[in-house]
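S.K.: Please see the structure below; I have some questions.
2 protein chains.
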Amino acid sequence: MLSTLPFTINALREAYAAGTRPADVIDEIFARLEAVGDPGIFIHLRDRDDLLAEAQGLGAYDPELPLWGIPYAAKDNIDVAGIKTTAGCPAYAYTPERDAFVVSRLRAAGALMIGKTNLDQFATGLVGVRTPYGAPLNAVDPAIVPGGSSGGSGVIVGHGIVSFSLGTDTAGSGRVPAALNNIVGLKPTLGALSASGVVPACRTLDTVSIFALTVDDAYAAFAVARGYDATDAYSKPLTPEELTEPATPLRLGIPNAGSIAFFGDTVQQAAFERDVAALEARGAVIEPLDFEPLYAIARMLYEGAWVAERFTVIADLLATNPDAVHPVTRRIIAHAESMSAADAFTGIYRLAELKRAADPILRGLDLLCVPTVPTFYTVADLEADPVTPNSNLGTYTNFVNLLDMCGIAVPTAPRSDGRPGSVTLLAGAGQDALVAAVARGFEMNCPRIMGATDHAVPAPAPLPVATPDTIEIAVCG
Amino acid sequence: MLSTLPFTINALREAYAAGTRPADVIDEIFARLEAVGDPGIFIHLRDRDDLLAEAQGLGAYDPELPLWGIPYAAKDNIDVAGIKTTAGCPAYAYTPERDAFVVSRLRAAGALMIGKTNLDQFATGLVGVRTPYGAPLNAVDPAIVPGGSSGGSGVIVGHGIVSFSLGTDTAGSGRVPAALNNIVGLKPTLGALSASGVVPACRTLDTVSIFALTVDDAYAAFAVARGYDATDAYSKPLTPEELTEPATPLRLGIPNAGSIAFFGDTVQQAAFERDVAALEARGAVIEPLDFEPLYAIARMLYEGAWVAERFTVIADLLATNPDAVHPVTRRIIAHAESMSAADAFTGIYRLAELKRAADPILRGLDLLCVPTVPTFYTVADLEADPVTPNSNLGTYTNFVNLLDMCGIAVPTAPRSDGRPGSVTLLAGAGQDALVAAVARGFEMNCPRIMGATDHAVPAPAPLPVATPDTIEIAVCG
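Residue numbers (this note's numbering), protein chains in the order written: chain A, 288 to 764; chain B, 288 to 764.
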């Protein structure tokens, strides 16, 4: 029965191999969408007939195509040919002729893009409610904000309606919605996923990100979408790596007692302590660290000159049609108008100095482990104060791209009050495979469901042990 | 006879080993200074008695100290404890308590700092005449500009009064004076020489540089001064490398006929063609390339937002005492006042795109070879037009630090009119040793004198052949 099938990539591939047709999956998608009944998830949901026609074009099931018939959604700041890109702002919208680089990779692998998802306008926010299109509802608990800026992309995966979705992540937009919707959020190394055809937020700090129900699914979509793109000046020629069992023991840094913040949420604190203990039980060496130097880096993102990057994107719009911009977003970004080029370079120097100061903290560690969010906020909280809860949600996400780290937000067991648990594992640029391999550990023997579905998270298959393919041999003389 | 000794490091070390005392060398320095009689070289020449006392403190000759008793000069934007640093601007001056990082390294190796040299104010210029202290005279031909911004440091080495000097280089300030004074200018990889205790020009693009009479002397001083400095956020942990014979054949890119510029100086053109032919005769494979993408990068330095970096250094001074700044310098730097933070990031994006566009040009090449300067300008030329000749002098230098390349300006045989020949060899970051090894080739069988001295350039000793100390071995399965 397709209606009881979890839409993980494996489950769908097994169903396709057994004769299920993409048309059946598309019917089931629309049935699930109707059952959820949330008009805020998509800014543009594709026409059912168009989707069926595209699915028809896939021909017979081809197991060589890693995403054949796999449904996904794309945040509406990522171009899909022929569909309007709004970035959450009707006045900004344009209809691209070409797919974004990542979309074209997914299309070539057989994936089916079912719609463009709602977002905090111009990807500015971590809450998901700064949108003129009517915010999506959190998949797990509609009182809670959906998270942002990739709100719709988080919610649609949380409902199990697609196998994965594309988000973007500058300050945490690919991780916060994962924590709030009980799903995985993979935030790659900067430059691993091309930004061609993506509306920038802070171009020097942006990355496309992936939401999925499991770490393996997120990594599978990442492995397809990644690749060097000579037309994106910030794309990097990184070496793709298969997932392998991590060498132990890993040294994991966590925020120490003096620098960890839960804003009074003792339930979240207990869940994080439990999750760290689980890592320790799996053999990790835990090192509590003063995170203040990382928070100082985080503050550069909005207090420093980087907000001017966002300004470059909408300067024309602000000049000609300022009311087209969401008032909170406008207030944040217009702040850049008062900043000089000298301020920008002063900020760049300050960041370099803060990074240097953080060097000794990060040296010798394999990973960092942080709570993905320090606590939960309701939609009502945001109505009362649109900024403070948003800032607090970024406590453990804002510094990451400024340090060019990669990371995965991964659900852990539910908290004692039933809300989703989530930690984010972080490592240096290029360590995406290591992060994913460690994140999978939280899916072993884990008493949780995926997103807001009825389905238990499947235990991941054992990983191969890494075999070094080259070794260095010292030759004396 | 000390008065006929060339002040190369080797010659001085041999003299010291044979019983010459530093006091004798100091006497000879002052005799040579008096003979030259140029009050524009130094902003601060050290007191002879102070120098003699410092030399006394060195004790007996210690051949283990690589620069024991070796005299050098430092550009007056580099701190020497207890001596005023002016950066060419009396109103900006301060007296540092501590040596710059590089100065302390040289001091520990036994070097004797004899004075602080004149410069284009705030290291802004390539001509050496933008100074309120009275410009130094070119050592080879007083009608020609001394070159800048490290003018005094170039001239003092050109006269053979010190073995080497420190300059700085952002746009070419460590290379142009080398070409104009018939000496070597080593411009290291960014971050190899600490900027602690150095007045910044463009902090993201600056490096300390070395002038010397020979490539080996420049590299020897570089090897002493270099080293990771955790207190300089732009210092890099690079691996020092010994000079070894380069593997052949090397692929060298040169500007092609359509993109090379000599501003009508056919003598310079002939000299460059001769120098390229010499490289080819030594086994290099020459690849003429369209340099326009590199020139586009160069234009970012003054047309883009980077001038705002210079503005950050003197913003307070411009606000409180604008007349203290040289009028040409003020006009150039004050331009930054009109630039926004958004302009800065737009420039940063543009640079990233231009670098990406230059990738295919540089790929597969070991080195670039360019004329250090396209032609020569007189002091009178600069009086008539203080900007255009300065810009033209940067034709082959301005793009280098924006691309994080390292380079050496090395004298070649004299031009047909007797003026000094010079080419600059450039390579990617970290390739300082390769550049030096190739530059030494121009000192083999070279019919030229060093600087404005009477001494022929000594033929460099053969280099050891590189022996790889590690090899990669593929292990299958």
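C-beta atoms are modelled at their ideal positions from N, C-alpha and C, and glycine is treated no differently.
Being a predicted model, the structure only gives us computed values, none of them experimental.
#1: What residues are listed by DSSP as bridge partners for Thr711/B?
#2: Give a yes or no on whether 9 Å exceeds the smallest Cβ distance from Ser627/A to chain B.
#3: Roughly how many angstroms separate the alpha carbons of Thr372/B and Thr404/B, rounded to a whole number?
#4: Which same chain residues, not among the five before or five after Val486/B, have their C-beta less than 6 Å away from its C-beta?
#5: Within its chain, find whatever has a CB closer than 6 Å to the CB of Leu652/B; leave out the 5 residues flanking it on each side and keep chain order.
#6: Can you look up Pro381/B in the DSSP assignment and give me helix, strand or coil?
#7: Looking only at its own chain, which residues have a Cβ that is under 8 Å from the Cβ of Val236/A, when we skip the five neighbours before and after it?
#8: For the region 348-427 of chain A, which segments carrying the alpha helix (DSSP H) assignment without a break, of at least 4 residues, lie completely within its bounds, in sequence order?
#9: Taking Cβ-Cβ distances shorter than 8 Å, what residues in chain A pair up with Ala595/B?
#10: For the region 514-529 of chain A, which residues have a CB atom closer than 9 Å to at least one CB atom of chain B, in sequence order?
#11: How would you call Tyr381/A, buried or exposed, if buried means at least 16 neighbouring beta carbons within 10 angstroms?
#12: Which partner residues does Lys474/A have in the DSSP bridge list?
#13: Run the CB neighbour count on Ser625/B, radius 10 Å, all protein chains shown included, and call it buried at 16 or more, exposed below.
#14: Under a Cβ-count criterion, where at least 16 other Cβ atoms within 10 Å of its own Cβ denotes burial, should Arg618/A be classed as buried or exposed?
#15: Taking the runs of the beta strand (DSSP E) that are 3 residues or longer, which of them lie wholly in the region 458-532 of chain B?
#16: Report buried or exposed for Pro423/A, applying the criterion of at least 16 other Cβ atoms within 10 angstroms of its Cβ.
#17: How long is the line joining the alpha carbons of Arg735/B and Pro661/B, rounded to whole angstroms?
#18: Buried or exposed for Tyr515/B, going by 16 or more other Cβ atoms inside 10 Å?
#19: Mind checking if Thr599/A is an interface residue toward chain B, Cβ cutoff 9 Å exclusive?
#20: If you count every other CB in all the chains shown that lies within 10 Å of the CB of Ala517/A, and 16 or more means buried, which is it?
#21: Is it the case that the CB of Ala488/A approaches a heavy atom of the ligand NAD more closely than 8 Å?
#22: Does the Cβ-Cβ distance between Gly445/B and Ala700/B come in under 9 Å?
#23: In whole angstroms, give me the CA-to-CA distance for Gly369/A and Ser627/B.
#24: Is any beta-carbon of chain A found at less than 9 Å from that of Ala639/B?
#25: What is the DSSP secondary structure of His331/A, counted as helix, strand or coil?
#26: Does chain B have any CB closer than 9 Å to the CB of Ala746/A?
#27: Using a C-beta to C-beta distance shorter than 8 Å, which residues of chain A count as neighbours of Arg650/B?
#28: Could you work out which residues of chain B lie near Thr476/A, taking near to mean beta carbons separated by less than 7 Å?
#29: Whole-angstrom Cβ separation of Leu406/B and Gly435/B, contact assumed at under 8 Å?
#30: Who are the near neighbours of Glu301/B in its chain, counting only those whose CB is closer than 8 Å to its CB and skipping five residues on each side?
#31: Show which residues of chain A have a CB atom less than 9 Å away from the CB atom of Thr491/B.
#32: Can you tell which of Pro326/A, Phe317/A, Leu467/A and Arg569/A has the C-alpha that lies nearest to the C-alpha of Ala696/A?
#33: What residue does the beta strand (DSSP E) around Phe456/A start on, and which one ends it?
#34: Thinking C-alpha only, which one of Arg308/A, Ala398/A and Pro475/A is nearest Trp355/A?
#35: Using a beta-carbon distance below 9 Å, is Glu574/A in contact with chain B?
#36: Can you pull the chain A neighbours of Arg617/B, defined as C-beta to C-beta under 8 Å?
M.R.: Concretely, from the data shown:
#1: Start at 1 with the first residue of the second sequence, and residue 711/B comes out as number 424. BP columns for Thr711/B point to Val657/B and Ala696/B.
#2: In the first sequence, residue 627/A corresponds to position 340, counting from 1. Yes, its Cβ sits closer than 9 Å to a Cβ of chain B.
#3: Counting from one through the second sequence, the residue named residue 372/B turns up at place 85. Counting from one through the second sequence, the residue named residue 404/B turns up at place 117. Rounded to the nearest angstrom, the two C-alpha atoms are 10 Å apart.
#4: Looking up residue 486/B in the second sequence gives position 199. Asn364 and Ala374, listed in sequence order.
#5: Here residue 652/B refers to the residue found at position 365 when the second sequence is read from its first residue. Only Arg538 and Gly540 meet the Cβ criterion.
#6: Taking the second sequence and counting its residues from 1, the one referred to as residue 381/B is at position 94. The amino acid occupying residue 381/B in the given sequence is Tyr; Pro does not appear at that position. Residue state, collapsed to three classes: strand.
#7: A question about residue 236/A goes unanswered here, because the residues of chain A that appear run from 288 up to 764.
#8: 388-395
#9: Counting from 1 along the second sequence, the entry for residue 595/B is found at position 308. The contacting residues are Ser627, Ala628, Ala629, Ala631 and Phe632.
#10: Answer set for the region 514-529 of chain A: Ala517, Thr518, Asp519, Ala520, Tyr521 and Ser522.
#11: As a position in the first sequence, residue 381/A is number 94, starting the count at 1. The residue in question, Tyr381/A, is exposed, as its Cβ has fewer than 16 Cβ neighbours within 10 Å.
#12: Counted from its first residue, the first sequence places residue 474/A at position 187. Paired residue(s): Gly694/A.
#13: Residue numbering aside, residue 625/B sits at position 338 when the second sequence is read from its first letter. Classification for Ser625/B: exposed.
#14: As a position in the first sequence, residue 618/A is number 331, starting the count at 1. Arg618/A should be labelled exposed.
#15: 471-474 and 494-499
#16: Taking the first residue of the first sequence as position 1, residue 423/A is located at position 136. It counts as buried.
#17: Indexing the second sequence from 1 puts residue 735/B at position 448. Indexing the second sequence from 1 puts residue 661/B at position 374. About 20 Å.
#18: Taking the first residue of the second sequence as 1, we reach residue 515/B at position 228. By the 10 Å Cβ count, Tyr515/B comes out exposed.
#19: Translated into positions along the first sequence, residue 599/A becomes position 312. Yes, its Cβ sits closer than 9 Å to a Cβ of chain B.
#20: Translated into positions along the first sequence, residue 517/A becomes position 230. Under this definition Ala517/A is an exposed residue.
#21: By its list of ligands, the structure shown contains no ligand whatsoever, and the ligand NAD lies outside what it can speak to.
#22: The residue labelled residue 445/B in the question sits at position 158 within the second sequence. The residue labelled residue 700/B in the question sits at position 413 within the second sequence. No, Cβ-Cβ distance for Gly445/B and Ala700/B is not below 9 Å.
#23: Within the first sequence, the letter at position 82 stands for residue 369/A. Within the second sequence, the letter at position 340 stands for residue 627/B. Cα to Cα, Gly369/A sits roughly 35 Å from Ser627/B.
#24: Numbered from its first residue, the second sequence carries residue 639/B at position 352. Yes, Ala639/B counts as interfacial toward chain A.
#25: Stepping through the first sequence from its first residue, residue 331/A is reached at position 44. Of the three classes helix, strand and coil, the one that applies to His331/A here is strand, per DSSP.
#26: Position 459 of the first sequence, counted from the first residue, corresponds to residue 746/A. Chain B contact via Cβ: absent.
#27: The count along the second sequence starts at 1 and reaches residue 650/B at position 363. Residues of chain A passing the Cβ test: none, with the nearest at roughly 11 Å.
#28: The residue labelled residue 476/A in the question sits at position 189 within the first sequence. Those within 7 Å of Thr476/A in chain B number zero; the least Cβ separation is about 17 Å.
#29: As a first step, residue 406/B is located in the second sequence; it is residue number 119 there, counting from the start. As a first step, residue 435/B is located in the second sequence; it is residue number 148 there, counting from the start. 7 Å between Cβ atoms; contact.
#30: Sequence index remark: in the second sequence, residue 301/B carries index 14 (1-based). Hits under 8 Å: none found.
#31: If you number the second sequence from 1, residue 491/B lands on position 204. In chain order: Phe632, Ile635, Tyr636 and Ala639.
#32: On the first sequence, residue 696/A is found 409 positions in, with the first residue counted as 1. With distances taken between Cα atoms, Ala696/A lies closest to Leu467/A.
#33: Along the first sequence, read from residue 1 onward, the residue named residue 456/A stands at position 169. For the record, residue 456/A in the displayed sequence is Asp; it is not Phe. Taken as a continuous stretch (DSSP letters only), the beta strand (DSSP E) holding Asp456/A covers Phe451 to Asp456.
#34: On the first sequence, residue 355/A is found 68 positions in, with the first residue counted as 1. By alpha-carbon distance to Trp355/A, the top candidate from Arg308/A, Ala398/A and Pro475/A is Ala398/A.
#35: The residue you call residue 574/A lines up with position 287 of the first sequence. Not one chain B Cβ lies under 9 Å of Glu574/A.
#36: For the purposes of this step, residue 617/B is taken as the residue at position 330 of the second sequence. Correct list: empty, because the minimum Cβ distance to chain A is about 15 Å.
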